[in-house]
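Be aware that the sequence shown starts at 3, since it is given in my numbering, and climbs by one per residue.
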Amino acid sequence: MVRIRVLVVDDHRIFAESLAAALAAEPDVDVAAAGSGPAALRCLERAAAEGRRFDVMLVDADLGAQVLPGARAVARAVPDNGEEGLVDGISLVSGVRSGQPAVRSVVLAEKDDPRRAALALQAGASGWVAKDCSLQRLLAVIRGVLREETHLPPALLTGVLRELTAARKHRTESERLVESLTPREREVLRCMVAGLGRKAVAERLFLSPHTVRTHMQNVLGKLGVHSTLAAVALARRAGVGPVDLAGDVVERGGQLA
Numbered sequence: 003m004v005r006i007r008v009l010v011v012d013d014h015r016i017f018a019e020s021l022a023a024a025l026a027a028e029p030d031v032d033v034a035a036a037g038s039g040p041a042a043l044r045c046l047e048r049a050a051a052e053g054r055r056f057d058v059m060l061v062d063a064d065l066g067a068q069v070l071p072g073a074r075a076v077a078r079a080v081p082d083n084g085e086e087g088l089v090d091g092i093s094l095v096s097g098v099r100s101g102q103p104a105v106r107s108v109v110l111a112e113k114d115d116p117r118r119a120a121l122a123l124q125a126g127a128s129g130w131v132a133k134d135c136s137l138q139r140l141l142a143v144i145r146g147v148l149r150e151e152t153h154l155p156p157a158l159l160t161g162v163l164r165e166l167t168a169a170r171k172h173r174t175e176s177e178r179l180v181e182s183l184t185p186r187e188r189e190v191l192r193c194m195v196a197g198l199g200r201k202a203v204a205e206r207l208f209l210s211p212h213t214v215r216t217h218m219q220n221v222l223g224k225l226g227v228h229s230t231l232a233a234v235a236l237a238r239r240a241g242v243g244p245v246d247l248a249g250d251v252v253e254r255g256g257q258l259a
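Encoded structure:
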């Protein structure tokens, strides 16, 4: 029997453990769980090094988000537990798609959101599924994405297509803005897309944190945005990918940069 290896990534421990237990009851499914983006990356890298790569990653759409009274969930812009790394769900999908393209990602969401579902697909996700869907439905999606299928709730199709069409219109302008960056600024932008903080970027590029800060400010100014998250979103629209973190693992003896 060919077994499917699934990684559940959710910072709500009870939900993650319940879902993992339900999936583990299936005779052809092996499951592991991670509670944050950095923890998920470590788990994926360790499994790959041991020759036991995961097939599917189920990731919370609101991974690393803080919910304030009367406000929508907001993705944290700071490293998890003091670690450098990816923290929000869609950035994690993008990083995994770049570093381990064989892993299929499915985003689990509390509610339907055409804009975020479109962003997830652009980041490399193969599906967007409601958290309260049945186990049978989730298993069908897991098996479907391994057959190169893309799964979306029918109610989201029209909205997602509209978002993707609008994204194509914005792509040309985004590409023009990215072209205005210097080679060094583009390198810094790629590090930002990978979710690296200022200190990690400085170490990677052999620059001082002050110099990196200046480059980041220049990037935001030239792109006409006011936050790192907005710069990363624009970079994705322009087709800018993250730096190769997987290469750092090899160069540094199996440890993430």
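Glycine residues also receive a C-beta, built at the ideal position from the N, C-alpha and C atoms.
Within the model, the alpha-carbon separation for Ala-36 versus Val-11 is close to 5 Å.
Assigned with DSSP and collapsed to three states, Gly-161 falls in helix. Here His-228 is exposed. Its C-beta has fewer than 16 other C-beta atoms within 10 Å.
Counting every other CB atom within 10 Å of its CB across the protein chains shown gives Gly-66 a total of 16 or more, marking it as buried. Leu-60: member of the beta strand (DSSP E) spanning 58-62, first to last residue. Boundaries of the beta strand (DSSP E) around Arg-7: 6-11.
In the three-state DSSP reduction, Ala-22 falls in the helix class (H, G or I). Between Pro-244 and Ala-34, the alpha-carbon positions lie close to 26 Å from each other. Within the DSSP secondary-structure output, Arg-106 pairs in a beta bridge with Val-58. When Cβ pairs closer than 8 Å are counted between the two stretches, the stretch 113-128 is seen not to touch the stretch 209-216, the count staying below three. Checking the DSSP bridge columns, you'll see Val-98 has no partner listed.
Counting C-beta pairs with one atom in each stretch, the stretch 141-160 and the stretch 173-186 have fewer than three that are closer than 8 Å, which means they do not touch. Spatial neighbours of Ala-26 in its own chain (CB-CB distance under 7 Å, excluding positions within 5 residues in sequence) are listed in chain order as Val-33.
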